[in-house]
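J.:
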Amino acid sequence: MERVESPADLELAKKEGFALFQGYFFCRPVLMENRDIPANRLVQLEILAATLEFPLDIQRISGLVKRDPSLTYRLLRMVNSPLYATRSVVTSIREALLLVGDEMFRRLTMLATACELKGNQPSELLRMAFVRGRFCELAAAITGQDATEQYLIGILSLLPAMLGVPMESVAKALPLRNDVREALLGRHNVERAVLELLISHESANWGRCDDLAGAAGLQVESLPQLYSESVQWAETTMSAVGA
C-alpha cells in the first residue's frame, strides 16, 4: 500500500490485509516524551561511535561488541556470508576486524548496529536506511565526495525514526565531523546534497529532484540506475544481516 502517512494509515492497511507498505510515515520519528536516547540503545550507539574513530581501537571495539550478543551474531553472520566471500569461517570479532580491514569492518558494524537500533520498528525503515547509505555512496563516486562519509550520512539519516528521538540527540552522541553533523541536522551544505536529492525522490517530488541533481553534479538519467542498484544491494544485505 502506498502513501502510508500516519500510524492510523499503517494499522488500517494491516487490517485490510496489505503486507507491503510505502510512505513517508516510516521516516518520521515518533518522539519520546523525555527526548533522550533509550538506555538500552546507549551501548549500541557507543559501538557506533567507536567505529567512527581513526584509527580503530581493536581491543576497545571488540570488548564493546561482545557486550551485545545479538550484535555479535549479526556481525559474524555478515562476515561469513557469501556477500563478503571470506575464505574460512570467522568466529570472533577480533578475527573479523583483522580479516576484512578497518574500512570494511566500519561498514559492517554500521549495518549490524542499525539492525539492532531498529528495535520493533518496521523492517521497511531499515531497508530505506540501507538504500540511502548505498545510494549516497554510489553517487559520491560521481560527485567527488568522500564515499564512506556519504554512506554514513545515508545510514544515520533514519536513526531518529528508529529510536524515536530528535536528530540533535543522535548527532550529539557520535564523533562526527562538523559539516557531517550539520548535514544530518538538515542544514543545506555540500555534504547533504545527495541525501536531499534522495529524500525528494522518495517523496516523488520530481521537479525538486531534477533541480537538486543538477546542483549536485548528477545526471538525471543516471538516477534510476543508481537507485535500482541501491535497492538490490539493500535486499541482499538485509538477508545477509538476518534482518
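In our numbering, the protein residues as written are 945 to 1187.
No residue lacks a Cβ here, since even glycine has one placed at the ideal position from N, Cα and C.
Look at the alpha carbon of Thr995 and the alpha carbon of Ile1005, and state the distance between them as a whole number of angstroms.
T.: 7 angstroms
J.: Leaving aside the five residues before and after Pro1013 along the sequence, list all residues of the same chain whose C-beta is less than 7 angstroms from its C-beta, in chain order.
T.: none
J.: Counting along the chain, where does the alpha helix (DSSP H) carrying Ala1058 start and finish?
T.: Ile1037 to Lys1062
J.: Contact defined as beta carbons within less than 8 angstroms: I believe Leu1061 pairs with Leu1107. What is the distance between those atoms, to the nearest angstrom?
T.: Confirmed, about 6 angstroms.
J.: From which residue to which residue does the alpha helix (DSSP H) around Phe1079 run?
T.: Per DSSP, Phe1079 belongs to the alpha helix (DSSP H) from Ser1067 to Thr1087.
J.: My output table needs one value for Asn1149: the three-state DSSP class, helix, strand or coil.
T.: Residue state for Asn1149 is assigned as coil, using DSSP reduced to three classes.
J.: Where Leu975 and Gly1098 are concerned, what is the direct C-alpha to C-alpha distance, given to the nearest angstrom?
T.: For Leu975, the pLDDT reaches just 49, beneath the cut-off of 50, and the residue's location in the model is therefore unreliable, although a value from the coordinates is still provided. Near 20 angstroms, if we compare the C-alpha coordinates of Gly1098 and Leu975.
J.: Is Pro1168 helix, strand or coil by DSSP?
T.: It is helical.
J.: What three-state label does DSSP hand Leu1128 in the structure shown?
T.: If DSSP states are grouped into helix, strand and coil, Leu1128 belongs with the helices.
J.: Can you tell me whether His1132 is buried or exposed, with buried defined as 16 or more other CB within 10 angstroms of its CB?
T.: Exposed is the call here.
J.: Can you give me the C-alpha to C-alpha distance between Glu1173 and Ala1137, rounded to a whole angstrom?
T.: 19 angstroms
J.: I'd like to check one pair, Leu1102 with Arg1076: are the Cβ atoms closer than 8 angstroms?
T.: Yes.
J.: For Leu1120, which of helix, strand or coil comes out of DSSP?
T.: coil
J.: Flag this pair as yes or no: are the beta carbons of Leu1055 and Val1164 separated by less than 8 angstroms?
T.: no
J.: Can you name the start and end residues of the alpha helix (DSSP H) that Glu990 belongs to?
T.: Per DSSP, Glu990 belongs to the alpha helix (DSSP H) from Leu986 to Thr995.
J.: How far does the alpha helix (DSSP H) with Glu1135 in it extend, from its first residue to its last?
T.: It is not in any alpha helix (DSSP H) - Glu1135 carries neither H nor E in the DSSP assignment.
J.: Looking at the unbroken alpha helix (DSSP H) that takes in Gly1007, where does it start and where does it end?
T.: Ile1002 to Lys1010
J.: Please confirm whether Thr1057 and Gln988 have their CB atoms less than 8 angstroms apart.
T.: yes
J.: My understanding is that Leu1167 touches Ala1157, with C-beta atoms under 8 angstroms, so please give their C-beta distance in whole angstroms.
T.: Sure, about 6 angstroms apart at Cβ, within 8 angstroms.
J.: Can Val1009 and Ile981 be called in contact, C-beta distance under 8 angstroms?
T.: For Val1009 and Ile981, no; Cβs fall outside 8 angstroms.
J.: Could you name the residues of the same chain whose beta carbon sits closer than 6 angstroms to that of Pro973, not counting the 5 residues immediately before and after it, in chain order?
T.: Residue placement at Pro973 cannot be trusted, given a pLDDT of 49 that sits under 50; what the coordinates show is reported in the next sentence. Counting only Cβ-Cβ distances below 6 angstroms, and skipping sequence neighbours, we find Pro1104, Ala1105 and Gly1108.
J.: Using 8 angstroms as the cut-off, can you tell me whether the stretch 1035-1045 makes contact with the stretch 1011-1027, which would need three or more C-beta pairs spanning the two stretches below that distance?
T.: yes
J.: DSSP three-state call for Pro1026: helix, strand or coil?
T.: Coil, per DSSP.
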